[in-house]
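Enquirer: In the working numbering, the protein residues as written are 12 to 300.
Let me begin by handing over the structure; questions about it come next.
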Amino acid sequence: MSWLSTLAHDAEIAVFAAVGQHGLGLTETLGRQRGVRLVSSPRHARVLLVAGEVESAQARALERLHAQIPPPRGTVWWQAPRLFERGETVIGDDPGEAIRRAAGADDPEQRPDVPPHPWRGMGPHGQGGHGMMGGNPYGRPMAMTADDIRDGLTLDAYSARFGPFLPALPPGLVLDLTMQGDVIVSAAAASPPYPQGPEGDAPTLCAARMLRLMGIGPRAAHARGALMALPKGSGMRRRLAAWLRGETVTESPAPPPNALPGREWAEAVLWLASFPPSRLRAVCPEEAA
């Protein structure tokens with residue numbers, strides 16, 4: 012083996028994990044393995060890893076993730092039924108070798124190279140959208156002005172769906188949000204987080220997720236003042252401190268439609284992460300009303 016091949020073999024593989032049912036613990040364990048680097052965007056990944064069972068209704072969401080990974084790319088289904096004909100399935104506890112093989116693969120496109128929401132030339136005079144406001148370019152409605160919920164100033168408000176594989180949110184959670192800048196104006200839970208079992212509520216796992224969102228390493232978490240980075244009066248400091256001591260948190264959150272409006276995005280994702288997955292799942296409806 013040449014020195015260049017040796018370097019390539021030992022290099023870290025960038026992996027984007029789409030976490031399904033009972034996949035949180037698997038992914039946390041994988042993230043500590045040498046040779047694998049979990050990334051927060053499919054744009055930075057080489058391999059799409061589906062960890063844990065994902066409902067067939069989310070197959071299109073997985074296909075969109077696959078399309079966002081720059082080629083060449085590979086796919087691994089880890090303890091997850093295959094939802095499209097790409098990649099290798101792993102039943103055991105260690106997907107390392109399959110990930111390395113996927114890093115040398117070159118999956119073809121799974122979805123056609125066309126806009127998911129056609130809009131060009133849809134207007135009555137050949138312009139790019141319905142009516143004078145331009146429709147939904149690239150699937151996003153144009154923002155419309157409304158009074159800011161904090162100070163009454165008129166700001167653009169836009170609505171979008173977030174999840175189910177957004178790393179900042181609990182796996183499986185789908186939120187329909189209306190936002191003004193980074194402030195949430197209204198929220199609806201379209202689907203609950205995936206069940207993770209008792210292991211998903213483990214203090215070490217819950218603390219690791221919050222610390223990752225805060226950009227703080229495990230050692231720095233015990234430094235003086237680390238918890239001060241969390242908003243005061245939200246209970247987040249108390250819950251994270253309990254997890255860092257190895258204690259179980261039994262608090263239940265208010266439903267997201269009641270708790271998220273008025274919060275900034277960064278605070279909202281930390282608030283969601285400050286509750287055990289099972290407790291958050293219990294207050295989210297199975298389907299949007």
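No residue lacks a Cβ here, since even glycine has one placed at the ideal position from N, Cα and C.
Predicted model only: the values in this text are computed from it and were never measured.
Near Q79, what residues of its chain come up, given a Cβ to Cβ distance below 7 Å and the 5 sequence neighbours on each side ignored?
Expert: Correct list, in chain order: P53 and R54.
Enquirer: Any idea what DSSP makes of P288, helix, strand or coil?
Expert: Correct three-state label for P288: helix.
Enquirer: State yes or no: is the beta carbon of L216 nearer than 8 Å to at least one beta carbon in chain D?
Expert: The structure shown contains no chain D, having only a single protein chain.
Enquirer: Does the region 166–180 touch the region 256–268, meaning 3 or more C-beta pairs lie closer than 8 Å?
Expert: Judged by Cβ distances under 8 Å, the region 256–268 makes no contact with the region 166–180, as fewer than three pairs qualify.
Enquirer: Which one of L291, R274 and L59 has the shortest CA to CA distance from G208?
Expert: Per the Cα distances, L291.
Enquirer: Between the beta-carbon of P204 and the beta-carbon of P288, is there less than 8 Å?
Expert: Yes; because the gap between Cβ atoms is below 8 Å, this pair is in contact.
Enquirer: Between the region 191–205 and the region 267–286, can you find at least three pairs of beta-carbon atoms closer than 8 Å?
Expert: Yes, the region 267–286 touches the region 191–205.
Enquirer: May I have the straight-line CA-CA distance separating T40 from P268, to the nearest angstrom?
Expert: Roughly 32 Å separates the two Cα atoms.
Enquirer: When the Cα of R45 is compared with those of G107, L37 and A70, which residue comes out closest?
Expert: R45 has its Cα closest to that of G107, out of G107, L37 and A70.
Enquirer: Count the other C-beta atoms from every protein chain shown that fall within 10 angstroms of the C-beta of A284, then say buried if there are 16 or more, exposed otherwise.
Expert: Per the 10 Å Cβ criterion, buried.
Enquirer: Using the C-alpha atoms, what's the distance from A116 back to E210?
Expert: Using only the alpha carbons, I get a separation of about 33 Å.
Enquirer: Determine the extent of the beta strand (DSSP E) in which M190 is found, giving its start and end residues.
Expert: From DSSP, the beta strand (DSSP E) with M190 extends over V185 to Q191.
Enquirer: Between the Cα of D118 and the Cα atoms of S51, V50, L76 and G34, which residue gives the shortest distance?
Expert: Comparing Cα positions, the closest option is L76.
Enquirer: Taking L49 and A68 to be in contact with their CB atoms under 8 Å, please state how far apart those CB atoms are, rounded to whole angstroms.
Expert: Not really, about 25 Å apart at Cβ, beyond 8 Å.
Enquirer: Quick one: give me the first and last residue of the alpha helix (DSSP H) that V218 is part of.
Expert: Strictly speaking, residue 218 in this sequence is Ala, with Val absent from that position. Unbroken alpha helix (DSSP H) run through A218: P214 to M225.
Enquirer: Using beta-carbon positions only, say whether G85 and A114 come within less than 8 Å of one another.
Expert: Yes; because the gap between Cβ atoms is below 8 Å, this pair is in contact.
Enquirer: Measuring CA to CA, which of C217, V30, G244 and M190 is closest to W2?
Expert: There is simply no residue 2 to check, as the chain begins at 12 and stops at 300 in what is shown.
Enquirer: Give me, in chain order, the residues of the same chain whose beta-carbon lies closer than 7 Å to that of I102; leave out the 5 immediate sequence neighbours on both sides.
Expert: So the qualifying residues of the chain are Q90.
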